[in-house]
Structure formats: C-alpha cells, structure tokens
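Using our numbering, the letters of the sequence shown map in sequence onto residues 150 to 279. C-beta atoms are modelled at their ideal positions from N, C-alpha and C, and glycine is treated no differently. Okay, so here's the structure we're looking at.
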Amino acid sequence: MKKTEVLLSINKLKKAFETLKEGAFKANSQLEKDGVIQRFEYTFEIFWKTLKILLSYLGIECYSPRSCIKEAFRQGFIEDDEIFLDMLEDRNRSSHIYEEKTAEEIFERIKEIYTEAFEKVIKNLEERLK
Numbered sequence: 150m151k152k153t154e155v156l157l158s159i160n161k162l163k164k165a166f167e168t169l170k171e172g173a174f175k176a177n178s179q180l181e182k183d184g185v186i187q188r189f190e191y192t193f194e195i196f197w198k199t200l201k202i203l204l205s206y207l208g209i210e211c212y213s214p215r216s217c218i219k220e221a222f223r224q225g226f227i228e229d230d231e232i233f234l235d236m237l238e239d240r241n242r243s244s245h246i247y248e249e250k251t252a253e254e255i256f257e258r259i260k261e262i263y264t265e266a267f268e269k270v271i272k273n274l275e276e277r278l279k
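Encoded structure:
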C-alpha cells in the first residue's frame, strides 16, 4: 500500500462528504431527505474503506467496518468511536427503512451529528498524513 493510495481515498471521501453535507442542509422534502440518506450510505462505505486502506498502509489489518472503526480509534484517527459505531448501525438500518419516522430520525442524526463527525475525522486524516 502506498501513501498516494491513502491520499486518493481520503480525497474520494472528502468529495463524497461534501455532497452529503450539501444535501443535509438543503433537504426539505421527504424525497430530498431520502437522497441524503443514500449519500450517507455511500459516504459511510467510502469512509470505512478509507480507514481500511489507511490502516493497511500502517501495517494494521482490519476486515469489517466495526473492526476498522475500533482500530482507527485506537490509533487516534477517530476521537469518538461510538458516533461512528452508531453510524454503522444507522447505515445498516437505512437499507431496511419502511417507516418515515425511522428515516426522519436517521436524517436528523446525519444533519446534527454525523456531518460534524465526518468533517473532524477527514481533517484529522489530512493533517496526520501531511
């Protein structure tokens, strides 16, 4: 694994996050909120795979989102692993949303908690890899 691969993955994550953030703060209709939840799903996928690439670059193997989040926390890339484990649960739940109330709850967490957490971790990753 080369550093350039890690940096490319972080850049991909950053772009996905920007689209998520834009949608989260502009969405009004249920259709728009559903779109934000879709953006959250793929941003989270890119996020954990970026952690996997980064940790592999450091010689640490992880094979699942949960193990990558926990190891990234141990390595100091993530300040609060519980937020990201909550994201994992919401990502898993979001593909089975049948109730508008559940979708609304996930959307609110994306807007109020997850965007800030993503922003912090992306900044941390960029700073640590300079």
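Handout entry: Gln187 to Phe166 span [Cα, whole Å]
Key = 12 Å
Exercise for the section: Have a look at Lys279, Ser213, Glu249 and flag the residue whose alpha-carbon is nearest the alpha-carbon of Phe193. Expected result: Ser213
Exercise for the section: Measure the alpha-carbon distance for Glu220 versus Ala176 and round it to whole angstroms. Expected result: 34 Å
Problem - Span separating the alpha-carbon of Phe256 from that of Lys182 - result: 7 Å
Problem - Opening and closing residue of the alpha helix (DSSP H) in which Asp230 lies - result: 230–243
Handout entry: Exposure label - Met236; buried when at least 16 CB within 10 Å
Key = buried
Exercise for the section: Put Cys217 into one of helix, strand or coil per three-state DSSP. Expected result: helix
Practice task
Count the other C-beta atoms from every protein chain shown that fall within 10 angstroms of the C-beta of Gly225, then say buried if there are 16 or more, exposed otherwise.
Solution key: exposed
Handout entry: Buried or exposed (CB count within 10 angstroms, at least 16 for buried), Phe174
Key = exposed
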